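Position one of the sequence shown corresponds to residue 1 (the UniProt record's numbering), numbered consecutively onward. Cβ coordinates follow ideal geometry from the N, Cα and C atoms, glycine included. These numbers were taken from a predicted model, which means no experiment stands behind them. Notes follow once the structure below has been shown.
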Amino acid sequence: MAEPTPESPAAGPPRAGVRLGVDVGEARVGLAASDPDALVATPVMTLRRDHNRASDLKMLLKIIRERKVSAIYVGLPLSLSGAETLSTEKARDYAQQLAQLLKEAEIAAGVYLVDERLSTVSAAEKMRASGVTSREQRDRIDQAAAVEILTHAMDLRQAWGREPGAAVSAD
């Protein structure tokens with residue numbers, strides 16, 4: 001699924017409020033949040049994936065509620081050519097589960113899949129350039145990738161005047 005372009009029809013101006021960037025991995029989920037004006041992205045935390053009990057999704061739901069998040073951008077890891085991969089499918093599944101939990105909890109926050117090609121690579125380069133050793137990166141790379149995803153989405157939102165990415169609806 002391609003990311004919408006500026007020429008795509010807009011669904012009206014996006015709501016104000018905190019945005020959340022989510023970098024979904026097999027073992028960890030990195031989180032970053034914006035300020036209420038959606039101008040600056042900062043790292044929040046890294047959650048350990050819990051494929052059996054979904055405690056990571058439950059904690060994510062708690063964070064969304066506490067921070068009064070209005071939009072969540074889940075990174076969609078496409079290949080460099082734009083093709084879908086196994087990781088792409090896993091991110092889509094995670095976003096779908098999150099959208100379903102939000103619906104059940106009656107939380108009106110939109111979930112959007114946003115192209116995240118090279119977000120982890122970019123995050124690692126920035127961390128290396130700022131003097132963070134590769135050993136230290138392991139603890140923070142997922143949050144840094146979430147910051148990259150969120151910053152990219154907020155830049156698109158500002159340029160286009162609407163939420164970027166593909167909206168995910170609950171079943």
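Throw me the rounded Cβ distance for the residue i and residue j pair, which I believe falls under 8 Å.
i, j, result
"Arg67", "Val18", "5 Å"
"Asp23", "Ala146", "4 Å"
"Leu98", "Leu57", "6 Å"
Would you decide whether residue i is buried or exposed? Buried here means 16 or more other CB atoms lie within 10 Å of its CB.
i, result
"Leu39", "exposed"
"residue 173", "The first residue shown for the chain is 1 and the last is 171, placing residue 173 beyond what the model contains."
"Thr85", "exposed"
"His152", "buried"
"Asp142", "buried"
"Glu104", "exposed"
"Leu80", "exposed"
"Thr46", "buried"
"Gly165", "buried"
"Arg157", "buried"
In the DSSP assignment, find the unbroken alpha helix (DSSP H) run with residue i in it and report its ends.
i, result
"Asp115", "Careful: Asp115 lies outside any alpha helix (DSSP H), inside the beta strand (DSSP E) at 110 to 115."
"Leu86", "86 to 104"
Under DSSP, the beta strand (DSSP E) around residue i begins and ends at which residues?
i, result
"Arg28", "28 to 34"
"Ala166", "166 to 168"
"Arg162", "Unbroken run through Arg162: none, as it is neither H nor E."
"Ala71", "69 to 76"
"Leu80", "From DSSP, Leu80 is part of no beta strand (DSSP E); its letter is neither H nor E."
Check whether the stretch 29 to 37 and the stretch 108 to 117 touch, using three or more Cβ-Cβ pairs below 8 Å as the test.
A contact is defined here as three or more CB-CB pairs under 8 Å, and the stretch 29 to 37 fails this definition with respect to the stretch 108 to 117.
Any contact of the stretch 93 to 109 with the stretch 59 to 75, i.e. 3+ C-beta pairs under 8 Å?
yes
Write down every uninterrupted run of the beta strand (DSSP E) in the stretch 37 to 64 whose length is 3 residues or greater and which is fully enclosed by it, in chain order.
List check, beta strand (DSSP E) in window: 41 to 48.
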